[in-house]
Amino acid sequence: MLNHEAGKTLKQKLPLGMVATKRWLQEQGLSLHYIDNSVRRGALVVAVPGVYYRDEARPTWQGVVASLQQMAKLPVHVGGLSALAVNGVSHFVNKRGNPIVNLYSPEKLPAWVNKIDVGATFAWHGTKRLWPESLLLDQSVFRHYEWVKGLPEITYSSVEKAYLEVLNEVPKHISFEHADALLQGLHNLSPRKLDTLLKGCLNVKVKRLFFWLAERNQQAWFKYLKSEDYDLGAGKRVVAVNGRLENKWQITVPKEM
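Residue numbers for the sequence shown follow the numbering used here, beginning at 1459 and rising by one.
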């Protein structure tokens, strides 16, 4: 590939504000010699060893996510509390330190993701015990965020999917009270999307916790969901340690709720 053609390829494959690994750039047809020369002349900047951005613009966390989604062999998406925030659903703001961006994928994130200074911390959540691969490819339960016009959009969970991802973090990282407060504000969930998600969800705790909270809050959409349509497993599940047993859903919940 001639230098001027390589330059066009670099600008096309690595837009301003995004990052790329050396291996991925080589897969796009750029030679190792051209990449190294671009670093020497300042056209490419080393973010961390083996990862680059174009010199005109430092990457943001959105740029890192969009880049990761573009380069990843397996699906990666913004989910949980982060996806709720992008969807405009308020939650308890982390006022200390960098914001946390929750990323969901079947495999762990590459080590370089949290080594790039973008003013945010990326938290990985494995999906193998939560979502089947078919659901990770179902675009009906995802949305797309245009963070910069003309650049690859960021894929993130719909409100319905993000909320179930939040429930997967209860009670270890998210309190029952927080999950309950979030659901109180979710008046317009789609029963159709919830049906798809609950049928696909691999986690019994998440599904039982969802039905307990949904019944507790009695939103208008709840009447369209029938618990017998979903696999809720068998036996009791301890969710709240030293909590009370909620007989209908066979989970332990906080005594005060």
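Glycine included, C-beta positions come from ideal geometry on N, C-alpha and C.
Under 6 Å Cβ to Cβ from residue i, same chain only, skipping five residues before and after it: list those, please.
i	result
Tyr1492	Ala1464
Ala1672	Phe1680
Thr1579	Asn1556, Ile1558
Asn1545	Val1617
Asn1495	none
Could you check if residue i is buried or exposed, using at least 16 other CB atoms within 10 Å of its CB as the buried criterion?
i	result
Lys1566	exposed
Gln1676	exposed
Asn1705	exposed
Glu1591	exposed
His1602	exposed
Ser1598	exposed
Ser1489	exposed
Gln1642	exposed
Asn1646	exposed
Val1699	exposed
Leu1542	buried
Lys1607	exposed
Gly1537	buried
Leu1593	buried
Ala1478	buried
Ala1637	buried
Tyr1682	exposed
Leu1595	exposed
Ala1639	exposed
Gln1520	buried
Sort out for me which residues DSSP pairs residue i with in a bridge.
i	result
Ala1581	Asn1560
Thr1479	Val1509
Ser1615	Phe1600
His1645	Partner(s): none; His1645 has no beta bridge.
Arg1727	In this structure the chain extends from 1459 to 1715, so residue 1727 is not present and cannot be described.
His1535	Tyr1562
Taking the beta strand (DSSP E) that residue i belongs to, which residues open and close that run?
i	result
Glu1704	1702-1704
Leu1502	1502-1506
Thr1724	Since the displayed the chain opens at 1459 and closes at 1715, residue 1724 lies outside it and no answer follows.
Ile1709	1709-1711
Ends of the alpha helix (DSSP H) at residue i?
i	result
Phe1634	1634-1642
Thr1467	1461-1471
Asn1495	1490-1498
Trp1670	1662-1675
Glu1714	No alpha helix (DSSP H) contains Glu1714, which DSSP labels as neither H nor E.
Leu1526	1519-1529
Glu1591	1591-1594
Within its chain, find whatever has a CB closer than 7 Å to the CB of residue i; leave out the 5 residues flanking it on each side and keep chain order.
i	result
Gly1701	Thr1710, Val1711, Pro1712, Lys1713
Lys1665	Leu1656, Cys1659, Tyr1688, Leu1690
Leu1474	Arg1512, Glu1514, Ala1515
Thr1518	Gly1475, Val1576
Trp1707	Arg1666, Phe1669, Trp1670
Val1522	Val1477, Val1571, Ile1574, Val1576
Can you find the residues in the same chain that come closer than 8 Å, C-beta to C-beta, to residue i, ignoring five residues on each side of it along the sequence?
i	result
Leu1644	Val1547, Val1617, Tyr1621, Gln1677
Asn1461	Tyr1492
Ala1581	Ile1558, Val1559, Asn1560, Leu1561
Val1662	Asp1689, Leu1690, Gly1691, Arg1695
Is any non-hydrogen atom of the ligand FMN found closer than 8 Å to the C-beta of residue i, if you look at the structure I gave you?
i	result
Arg1499	No copy of the ligand FMN occurs in the structure displayed, which carries no ligand at all.
Indicate whether at least one CB of chain D lies closer than 9 Å to the CB of residue i.
i	result
Glu1627	Structure shown: chain D not included; a single protein chain is present.
Exercise for the section: Could you say if the stretch 1572-1591 and the stretch 1498-1514 meet the contact criterion of at least three C-beta pairs nearer than 8 Å? Expected result: yes
Practice task
Decide yes or no for the touch test of the stretch 1632-1642 against the stretch 1581-1592: beta carbon pairs closer than 8 Å, at least 3 of them.
Solution key: no
Practice task
Spell out a yes or no on whether the stretch 1519-1538 and the stretch 1493-1504 are touching, meaning 3 or more CB-CB pairs, one atom from each, closer than 8 Å.
Solution key: no
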